[in-house]
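Enquirer:
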Amino acid sequence: MKKFIRENIDHQPIVDNVFKIVNLANDAIAKKGKENIINATIGSLYDEGGNLVALDTVFNTYNSLDNRTKAKYASSFSGNPNFRKQVYNWVVQDTKLDLCHSVIGTPGGSGAVSSTILNVLDEGQTLIIPHIAWGNYKSMATIANCKVQAYQMFDGDAFNITSFKETCHEVMARQGKVLAIINDPCHNPTGYSMTVEEWNQVIDFCNELSNEGPVIILDDIAYIDYSYNLERSRDYMNAFNRMNDQVMIVVAFSCSKTLTSYGLRCGGAVILARNQEDVRALEILMEKHARASWSNIPNAAMENFVKVTTEHKDEFNEEKGKYVDLLRKRYEIFTSEANQCGLVYYPYKEGFFVTLKVEDDDLLTRFHEAMLAQDIYTIKVNKGIRVALCSLSVEKCQGLAFKMKDILDSLK
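In this note's numbering, the protein residues as written are 3 to 414.
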């Protein structure tokens with residue numbers, strides 16, 4: 003018998019373990035008080051008082067917008083022209099890209115990622131992702147009726163270029179096209195950032211692989227503006243100039259993350275290629291997808307991004323910089339103590355999260371549950387435990403690694 007709903011798709015209910023654990027943490031806070039709970043679940047920036055950071059430069063500017071600006075439709079479902087131009091300028095900054103480009107406005111960085119998957123891959127094809135990754139990459143592929151294959155992200159303390167190559171070769175041999183996600187810099191959830199040389203290796207390999215078919219790299223830069231060395235955070239993009247005309251890069255940018263306006267969904271997909279015809283071909287599909295899916299993104303969010311990053315740029319960077327320094331302080335405390343007690347974590351350089359390395363699945367589950375029992379709330383990911391330093395105060399970072407190591411040792 004036919005069903006009311008679409009048949010050729012995964013019908014399993016969505017299970018979002020992040021929100022499940024967040025709710026458990028919130029329940030514990032309500033019962034015991036937030037001072038007695040370690041809530042390292044939240045992937046948003048919090049201050050030392052445990053409050054969500056909402057940057058004054060961002061929201062004072064937003065509140066100054068005329069109500070009609072907030073009420074009106076965007077001028078185009080592709081995004082307002084001034085917004086599209088400023089997203090490109092902000093994303094590339096001082097890099098000198100010798101590439102054709104376009105920008106499509108999207109509801110957050112998530113919209114840029116999902117639109118790319120839907121418009122690059124055909125049903126039944128395979129998306130390539132890191133083996134430790136944001137879980138929604140897989141969900142987005144599933145909705146598009148696509149499969150997922152993962153490359154091992156690390157070789158020691160470096161990007162695993164060998165695994166990346168092997169995985170891409172396998173997928174190319176099956177389908178004659180490759181779409182691979184690299185979440186860099188400030189990888190979620192490990193906090194790893196690739197070197198310029200590692201990016202050069204990736205692009206050189208993509209050029210070689212493109213002899214067999216088109217290669218598209220989806221670079222998810224959601225956390226780039228919380229890099230510890232902001233002035234050098236875009237240097238790796240110069241490697242993009244090395245790509246040939248059979249390679250394309252789509253950069254998924256999140257205004258929501260950059261501006262601490264997580265619920266005001268706004269972002270962009272920056273399409274980069276050698277030939278304008280190739281850029282335009284993907285742009286057309288993304289325009290149609292935008293019109294048919296979300297129609298247009300919030301006009302006020304786009305206008306606010308433009309104003310904050312032009313008229314108030316210095317003030318914004320100064321205010322944001324204080325929180326970047328705070329992130330660094332939290333990281334230094336946690337990783338220093340982890341190193342002292344032998345608590346192993348994946349290579350971390352910068353960003354919102356550190357991920358503890360636990361490769362045994364049974365031990366991983368027992369470790370996570372044992373921490374919950376002691377009111378330490380974290381997120382279990384593939385082969386590890388994500389610790390959201392972005393939401394922990396300096397005080398709560400102190401001694402946390404020792405507590406975690408004691409719990410882990412008790413399970414062995």
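For every residue, glycine included, the Cβ atom is placed at its ideal position computed from N, Cα and C.
All of these numbers come straight from a predicted model, not from anything done at the bench.
#1: Tell me whether His103 sits in a helix, a strand or coil according to DSSP, three-state version.
#2: Exposed or buried, what is Tyr75 when buried is set at 16 or more other beta-carbons lying within 10 Å of its beta-carbon?
#3: Would you mind giving the Cβ-Cβ distance between Pro272 and Val93, rounded to the nearest angstrom? I have them listed as a contact below 8 angstroms.
#4: Using the Cα positions of Gly323 and Asn41, report the straight-line distance between them to the nearest angstrom.
#5: Go ahead and pull the three-state DSSP assignment for Lys259.
#6: Per the contact definition of three or more C-beta pairs closer than 8 angstroms, is the stretch 86-100 in contact with the stretch 308-323?
#7: Express the C-alpha separation of Leu394 and Asp29 in angstroms, rounding to a whole number.
#8: Reducing DSSP to helix, strand and coil, say where Ile1 ends up.
#9: If you follow the alpha helix (DSSP H) that Lys359 is in, where does it begin and where does it stop?
#10: Looking at the ligand FAD, does it come within less than 8 angstroms of Asn147, judged from the CB to the closest heavy atom?
#11: Excluding five sequence neighbours on each side, which residues of the same chain lie with their C-beta closer than 6 angstroms to the C-beta of Ala302?
#12: Quick check on Lys419: does DSSP put it in helix, strand or coil?
#13: With respect to the beta strand (DSSP E) encompassing Val272, which residues constitute its N-terminal and C-terminal limits?
#14: Hey, quick one: how far does the beta strand (DSSP E) through Arg388 stretch, first residue to last?
#15: Is the stretch 127-146 touching the stretch 228-237 in the sense that three or more CB pairs, one from each, lie closer than 8 angstroms?
#16: For a test of the three-state rule: what should DSSP assign to Ala146, helix, strand or coil?
#17: Does the pairing of the stretch 311-319 with the stretch 118-132 give three or more beta-carbon distances under 8 angstroms?
#18: Three or more C-beta pairs under 8 angstroms: does that hold for the stretch 238-251 against the stretch 274-290?
#19: What are the start and end residues of the beta strand (DSSP E) that includes Ala372?
#20: Mind checking whether Thr169 and Ala254 have CB atoms under 9 angstroms apart?
#21: Comparing C-alpha positions only, which one of Ala375, Thr380, Ala390 sits nearest to Lys22?
#22: Measure the alpha-carbon distance for Cys268 versus Ala292 and round it to whole angstroms.
#23: Looking at the strands, I want to know which residues DSSP matches up with Ile251.
#24: Any idea what DSSP makes of Gln203, helix, strand or coil?
#25: In chain order, what residues of the same chain have a beta carbon less than 6 angstroms from the beta carbon of Thr144, not counting five sequence neighbours either side?
#26: Between which two residues does the alpha helix (DSSP H) harbouring Tyr381 extend?
#27: In whole angstroms, what is the alpha-carbon distance linking Met304 and Asp96?
#28: Any idea what DSSP makes of His185, helix, strand or coil?
#29: Should Thr192 go down as buried or exposed, given a rule of 16 or more other Cβ atoms within 10 Å for buried?
#30: Any idea what DSSP makes of Thr108, helix, strand or coil?
#31: Going by DSSP, what residues sit across from Phe161 in a beta bridge?
#32: Starting from Leu129 and walking both ways along the beta strand (DSSP E), at which residues does that stretch end?
#33: Only counting the same chain, and skipping five residues up and downstream in sequence, which positions put a Cβ closer than 6 angstroms to that of Lys179?
Expert: Result, derived from the coordinates:
#1: Here His103 sits in strand by DSSP.
#2: Tyr75 should be labelled exposed.
#3: In the sequence as presented, Pro is not what sits at residue 272; that position holds Val. Indeed, because the Cβ distance is near 5 angstroms, the residues count as touching under 8 angstroms.
#4: Roughly 24 angstroms separates the two Cα atoms.
#5: Looking at Lys259 - three-state DSSP - the assignment turns out to be helix.
#6: Yes: at least three Cβ pairs fall under 8 angstroms.
#7: Asp29 and Leu394 have their C-alpha atoms some 17 angstroms from each other.
#8: The displayed coordinates of the chain run from 3 to 414. Any statement about residue 1 would go beyond what the structure contains.
#9: Looking at the DSSP string, Lys359 is not in any alpha helix (DSSP H); the run it does join, the beta strand (DSSP E), is 355-359.
#10: Of the ligands one can find in the structure shown there are none, so the ligand FAD has no counterpart to examine.
#11: Answer for Ala302: Leu67, Thr71, Lys72, listed in chain order.
#12: This structure cannot settle anything about residue 419, because the visible part of the chain is limited to 3 through 414.
#13: Element bounds for Val272: 269-275.
#14: Counting along the chain, the beta strand (DSSP E) containing Arg388 begins and ends at 386-390.
#15: No, they do not touch.
#16: Three-state result, Ala146: coil.
#17: The stretch 311-319 makes no contact with the stretch 118-132: fewer than 3 CB pairs, one atom from each, lie closer than 8 angstroms.
#18: The count of Cβ pairs closer than 8 angstroms, one atom from the stretch 238-251 and one from the stretch 274-290, reaches three, so the stretches are in contact.
#19: For Ala372, there is no enclosing beta strand (DSSP E); the residue is found in the alpha helix (DSSP H) stretching over 363-375.
#20: Their beta carbons are not under 9 angstroms apart, which means Thr169 does not touch Ala254 by this criterion.
#21: Lys22 has its Cα closest to that of Thr380, out of Ala375, Thr380, Ala390.
#22: Each residue's Cα considered, the two are about 13 angstroms apart.
#23: DSSP lists Ile219, Leu274 as partners of Ile251.
#24: Note: Gln203 maps to helix in three-state DSSP.
#25: So the qualifying residues of the chain are Asp12.
#26: For clarity, residue 381 is Ile in the given sequence; the question names Tyr instead. Here Ile381 belongs to no alpha helix (DSSP H); instead the beta strand (DSSP E) covers 381-383.
#27: Separation of Met304 and Asp96 (C-alpha to C-alpha, rounded to the nearest whole angstrom) is 22 angstroms.
#28: With the sequence shown as reference, residue 185 is identified as Asn, and His is not the correct amino acid for it. In the structure shown, Asn185 sits in a strand (DSSP, three-state: E or B).
#29: Result: buried.
#30: For Thr108, the secondary structure class from DSSP, reduced to helix, strand or coil, is strand.
#31: Phe161 is bridged to Phe156.
#32: Looking at the DSSP string, the run of the beta strand (DSSP E) that includes Leu129 is 128-132.
#33: Exclusion of the five residues before and after Lys179 leaves Gly215, Pro216 as the residues of its chain whose Cβ lies within less than 6 angstroms of its Cβ.
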